[in-house]
Amino acid sequence: MRIRQDYAPSTGNPIIRHKYTTDPTALVHDDTVYLYTGHDEAPVGMEEYVMNDWLCFSSTDMANWTEHSVPLKSADFNWAKDGAYAPKVLERDGKFYFYAPVTHASIPGRAIGVAVSDNPIGPFRDAKGSALITGEMTNATEEFVNIDPTVHIDDDGQTHIFWGKYQCYYAKLKSNMIELDGEIKTVEFPNFEEGSHLHKRGDWYYFSYGYGSPEKVAYSMSRNIEGPWEFKGILNELAGNCETNRPAIVDFKGKSYFFYHNGALKNGGSHRRSVCVDYLYYNADGTMKRVIMTSEGVKAVK
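Put into structure tokens, the structure is as follows:
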């Protein structure tokens, strides 16, 4: 199923308006941006998270978006109970890997699964048959610790996964993308809340995350993916009518873009969020300029 959204380039933010979308992550493949989001389904009046699947949209111009079939549900992991929290999707060797935080059915707390597909729009299937990361592995006392993964494949092929709630964890991944390679470590970022995003530009690694509560987005930089990291400050102010935020950063057709979510749609809020996108700019020294959030959003690119 494909559903063409009738969004003109002037529609602006939020970019998806017929559903509540949250926790963006984005992938550029074959001159197309693939946007994966969480799906807030809490009815008006219910102030708790109801999230059971993820959504997928694509665009060739950053202004007009096509909705695809649901790529993955928490029920697709037979070891999971429910929940569909902030994901990460990336490509390696022609396959697409979907790192999906869910509620584990038998181990207390949240867990991170991995699904795989030959197509960026899915459908994705459980790649492992069990969780990649569970509460037993992090000795978690906070049930939401194992959420919001970000995964980065470095120039030499080494892959790292970062994740966490209140405490940031990281580990190496084997080249098969579905097994940890070595011990789980921790790293400290000021006022780290959740919502990890890692990207690289030139020789710099950038780690962006939800900062404090309610969440702004802050970031740190390093020449080494395992640190030391230098805190650089706020990247995105409070997004509005929403307690959380989760950044995603991509380069596409010569421009840099910053995805985030807010509660701007009618009846929106912390449990009915909406994904937005604005431009991201870098300074000459490699630092990022503070993102200016707009209702206009970004223009179509060719």
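According to our numbering, the sequence shown holds residues -6 to 295 in order.
Heads up, the beta-carbon is just placed ideally off N, CA and C, and yes, glycines get one too.
By the neighbour-count criterion, in which a residue is buried when 16 or more other Cβ atoms sit within 10 angstroms of its Cβ, Glu186 is buried.
In the structure shown, Thr131 falls within a helical segment according to DSSP collapsed to helix, strand and coil. Proximity to His22 across Asp111, Val43 and Glu172 peaks at Asp111, based on C-alpha coordinates.
Taking 9 Å as the cut-off, the beta carbon of Glu34 is found no closer than this to the beta carbon of Cys49. If the five residues before and after Val43 are omitted, its C-beta is found closer than 6 Å to the C-beta atoms of Glu34 and Ala35, all from its own chain and listed in chain order. In the three-state DSSP reduction, Ser189 falls in the strand class (E or B). DSSP places Met214 in the uninterrupted beta strand (DSSP E) bounded by Lys209 to Ser215. Listed in chain order, the beta strand (DSSP E) elements of length 3 or more contained wholly in the region 205 to 289 are 209 to 215, 223 to 229, 241 to 245, 248 to 255 and 267 to 273. CA-CA distance, Met281 to Tyr274, rounds to 6 Å. Within the same chain, Cβ atoms closer than 8 Å to the Cβ of His264 are found at Asp33, Ala35, Met39, Glu40, Glu41, Tyr42 and Val43, the five residues on either side in sequence being excluded. Between Val210 and Met55, the CB-CB gap reaches or exceeds 9 Å.
Residue environment for Ile126: buried (at least 16 other C-beta atoms within 10 angstroms of its C-beta). The C-alpha of Ala108 lies about 11 Å from the C-alpha of Lys81. A Cβ-Cβ distance of about 11 Å is found for the pair Ala98 and Gly106, leaving them out of contact under the 8 Å criterion.
Of all C-beta pairs linking the region 69 to 77 to the region 6 to 13, fewer than three are shorter than 8 Å, placing the two stretches out of contact.
Only exposed fits Ser168, as fewer than 16 other CB atoms lie within 10 angstroms of its CB.
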